[in-house]
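Visitor: As numbered in UniProt numbering, residues 2 to 387 make up the sequence shown, in order. The beta carbon of each residue, even a glycine, is placed where N, CA and C say it ideally should be. These numbers come from a predicted model, not from an experiment.
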Amino acid sequence: QNEIYFTGLSGTLPDLPMTAAGLEARAREELTAEAYAYIAGSASTERTAAANLDAFSRHALVPRMLRGTTAPDARDLSVEILGTRLAAPVLTAPIGVLDLVRDRGETIVGQVAADLGVGSVLSTAASSTIEDVGAVSGDSWWYQLYWPADDELAQSLVQRAAKAGAKAIVVTVDTPGLGWRPRDLELGHLPFLRAQGIANYLSDPVFRSKLATAPEDGPEAMQMAVLTWASLFGNHTLQASDITKIREWTGLPVLVKGVLHEDDARAVVDAGADGVVVSNHGGRQVDGAIAALDALGPVAAAVKDRATVLLDSGIRCGADVLIALALGADAVLYGRPWVYGLGLAGADGVRHALRMLLADLDVTMGLAGLSGVAEIDASVLRSVGR
Ligand code: FNR
């Protein structure tokens, strides 16, 4: 904040907008139609995507005064989540196929998040290899698994991640197949059906063992690899009890992402999961689904005493993080805004989007009378009907 105001004194204006909505508007003007549709698009009428944002305005912070929290050094936002130390309760959400947005996208995000001391979650659908991203992502990154139809491949992916330094595995369970996504459909465009969409699979020895010819052998071999990928992508028979396999394979904590019903949360925690991510995938899977924030309270009530609870889908500003934590989340995953930043300005854009969120959270906490994350609970909120 101060940095921007002081630079402004000399007439220098910031290069990028100062809100998530501003970043999206700029991205719409500047990114390719495919990249913008891929990031911005949600399922069907996109009303769940809209509900995700709307839900936050039904909860209001009630700031407390005269608490000595307003000096810049009066606050400590750091947390420890499943053994991972973070400078703030924020990790970048797993986002696939980032080469579509910016070359070496996953590497850039992992590196910037590590520089800022926040966490990052690397997608299975990455266009870089696990090893390349792990090498630059410090010691606060986790790996997200789309559990394939073949356990041997699942095991290979998570063991590579563990070896590359991942500190937890996040199993996404809301995407055994893709939702109905009109923006991508209208462009006839599925990012995964390109070499860059399956690069991480192409680097996997188990995946390669299932191919008749090496994908490097030409366009036809590549097409075969894409078909093999498609046949392996979703696991339609995955059960809560499968979760424990991840711990056997890696010894790492396991979180289950995409949980919205409290009974599902209970089932996966009963089966041994260490945490859940309450998420509707940014409204990209089931249109008409409950806003993630509305699902958070019941899930937290069901499992928070024995599991870590994270939230994503709709985090756009500092107050959103505060509200999510007040309703029971231990931390949040931050999604689309930094992806727009990545497309607009590479590492600088990701850094900008993350610093904007962190500074807004820091300032808002201080002005609301909060000096640390442990003080955030339901007492800082009132429900306001709309
Ligand atoms: C995603 N998301 C996602 N989730 C996941 O588990 N693996 C993945 O590969 C992806 N890929 C992906 C691509 C894009 C372009 C988007 C926008 C989202 C979902 C993501 O992790 C997170 O749940 C949502 O982004 C949260 O919604 P908001 O806050 O970004 O709207």
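My output table needs one value for His190: the three-state DSSP class, helix, strand or coil.
Guide: In the structure shown, His190 sits in coil (DSSP, three-state: anything other than H, G, I, E or B).
Visitor: Return the CA-CA distance between Leu101 and Thr70, expressed in angstroms with no decimal places.
Guide: Distance between the alpha carbons of Leu101 and Thr70 is about 43 Å.
Visitor: Under three-state DSSP, which class holds Val279?
Guide: If DSSP states are grouped into helix, strand and coil, Val279 belongs with the strands.
Visitor: Taking the beta strand (DSSP E) that Ala332 belongs to, which residues open and close that run?
Guide: Its beta strand (DSSP E) spans residues Ala332 to Tyr335.
Visitor: Considering just the uninterrupted stretch of the beta strand (DSSP E) at Ile170, what are its terminal residues?
Guide: Run containing Ile170: Ile170 to Thr173, per the beta strand (DSSP E) assignment.
Visitor: So, with DSSP's three-state summary, where would you put Ala47?
Guide: According to the sequence shown, residue 47 is Glu rather than Ala. Three-state result, Glu47: coil.
Visitor: Do Ala308 and Val333 have their beta-carbon atoms positioned less than 8 Å apart in this structure?
Guide: No, Cβ-Cβ distance for Val333 and Ala308 is not below 8 Å.
Visitor: Would DSSP call Asp363 helix, strand or coil?
Guide: The answer is helix: DSSP assigns Asp363 an H, G or I state.
Visitor: Is Arg285 a contact residue of the ligand FNR, with contact defined as CB to any heavy atom under 7 Å?
Guide: Yes; taking the cut-off as 7 Å, the Cβ of Arg285 has a heavy atom of the ligand FNR nearer than that.
Visitor: Return the Cβ separation of Ser280 and Ala293 in integer angstroms, given the expectation that the two are a contact with Cβ distance under 8 Å.
Guide: Yes, Ser280 and Ala293 are in contact; Cβ-Cβ is about 5 Å, under 8 Å.
Visitor: For the beta strand (DSSP E) containing Lys258, name the first residue and the last one.
Guide: Its beta strand (DSSP E) spans residues Val255 to Val260.
Visitor: Shortest alpha-carbon distance to Val134 belongs to which of His60, Pro95 and Asp152?
Guide: The shortest Cα separation from Val134 among His60, Pro95 and Asp152 belongs to Pro95.
Visitor: In the segment 83-135, which residue ranges form an unbroken alpha helix (DSSP H) of at least 4 residues, counting only runs that do not cross its ends?
Guide: You should have 106-117.
Visitor: Which same chain residues, not among the five before or five after Tyr144, have their C-beta less than 6 Å away from its C-beta?
Guide: Leu123, Ala162, Ala167 and Ile170, listed in sequence order.
Visitor: The ligand FNR and Ala126: does the residue's C-beta get closer than 7 Å to at least one heavy atom of that ligand?
Guide: Checking every heavy atom of the ligand FNR against the Cβ of Ala126, one is found closer than 7 Å.
Visitor: Report yes if the CB atom of Pro198 is closer than 8 Å to the CB atom of Ser128, and no otherwise.
Guide: Checking the sequence, you will find Gly at residue 198 rather than Pro. Yes, the pair counts as a contact, with Cβ atoms nearer than the cut-off.
Visitor: How many angstroms separate the CA atom of Glu153 from the CA atom of Ala52?
Guide: Each residue's alpha carbon lies about 38 Å from the other.
Visitor: Using the rule of at least 16 other Cβ atoms within 10 Å of the residue's Cβ for burial, across every protein chain shown, is Pro206 buried or exposed?
Guide: Result: exposed.
Visitor: By DSSP, does Tyr147 sit in helix, in strand, or in coil?
Guide: Three-state result, Tyr147: coil.
Visitor: I'd like to confirm the pairing. Which residues does DSSP put opposite Asp77 in its beta bridges?
Guide: According to DSSP, which records beta bridges pairwise, Asp77 is partnered with Gly373.
Visitor: Can you give me the C-alpha to C-alpha distance between Val260 and Leu10, rounded to a whole angstrom?
Guide: Using only the alpha carbons, I get a separation of about 47 Å.
Visitor: Should residue 388 be labelled buried (16 or more other beta-carbon atoms within 10 Å of its own) or exposed?
Guide: Because the chain here runs from 2 to 387, residue 388 falls outside it and cannot be looked at.
Visitor: To the nearest angstrom, report how far apart Thr20 and Pro220 are at their CA atoms.
Guide: The straight-line gap from Cα to Cα measures roughly 42 Å.
Visitor: Is Asn201 near the ligand FNR, going by C-beta to nearest heavy atom under 7 Å?
Guide: No.
Visitor: Residues in the same chain with beta-carbon distance under 6 Å from Pro192, minus the five sequence neighbours each way, listed in chain order, please.
Guide: Closer than 6 Å at Cβ, skipping near neighbours: Tyr39, Val98, Leu101 and Gly198.
Visitor: The alpha helix (DSSP H) with Leu154 in it runs from where to where?
Guide: Segment Asp152 to Ala165, the alpha helix (DSSP H) holding Leu154.
Visitor: Could you give the distance in angstroms between the alpha-carbon of Gln160 and the alpha-carbon of Trp250?
Guide: Their Cα atoms are separated by approximately 7 Å.
Visitor: I'd like the span of the alpha helix (DSSP H) that includes Ala61, first residue to last.
Guide: Run containing Ala61: none in the alpha helix (DSSP H); it sits in the beta strand (DSSP E), His60 to Leu62.
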